[in-house]
Amino acid sequence: MPPKKRHIDPIAQFMQEHDETLVQLSSLNKASTSLAENGFSQDTYFRLLRAVEFVEQEVGVHNKREEEALFPVLERYVEGPTKLMREDHKILAKEFRRLRRAVDRITKRNTSKAAARDLVSVSRGIVQRMVNHIHKENHILFPLVQKFLTKDALREVARRMV
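Numbering of the sequence shown is given in the numbering used here, commencing with residue 1 and proceeding in unit increments.
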């Protein structure tokens, strides 16, 4: 008999990804602040780029998986919270594009104090919005999921995540 397939716990995976995101947001915040306060340095610039790439790539994939795997299953039971999270995701995507433009300005004019101030402003806005968003998901949305979704429904979410 083949071994029984173990299913991942989708909520635990989403929460682990949130933890990784919080680390990168901290790095983004520190790097952008350092560039504004201490001027340009290659080391700080590369830390900034790593954090921005994580936000652009990993957070985008994470949000898409929530929208395609988790939300449709949860919406069979309750809709309001997913509607709010989808709106947050749209706003965050727009903010990520602003962040990319701010980073591009720093890349082109790394001695520009105005570009550095803009980068700090955009970064802080994203960090604040993302931390709030993660808090809402971890403390409101995910407990709701655990309350309403059966083990079978959670397995369906896990299958959809692949």
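Ideal Cβ positions, reconstructed from N, Cα and C, are used throughout, including at glycine.
- Residue state for Asp43 is assigned as helix, using DSSP reduced to three classes.
- Closest in C-alpha terms to Arg100, from the list Pro10, Phe54, Leu74, comes Phe54.
- Around the beta carbon of Gln57, a 10 Å sphere encloses fewer than 16 other beta carbons of the protein chains shown; the residue is thus reported as exposed.
- By the Cβ criterion, the stretch 79-91 is not in contact with the stretch 150-159, since fewer than three pairs of Cβ atoms, one from each stretch, lie closer than 8 Å.
- Ser26 sits in a helix when the DSSP states are folded into three classes.
- In the displayed model, Thr150 falls within coil according to three-state DSSP, outside both helix and strand.
- Sorting Met161, Val162, Val157 by C-alpha distance to the C-alpha of Glu75 places Val157 at the top.
- Out of Leu92, Ala116, Phe14, the CA that lies nearest to the CA of Thr44 is found in Ala116.
- Secondary structure of Ser32 (DSSP, three-state): helix.
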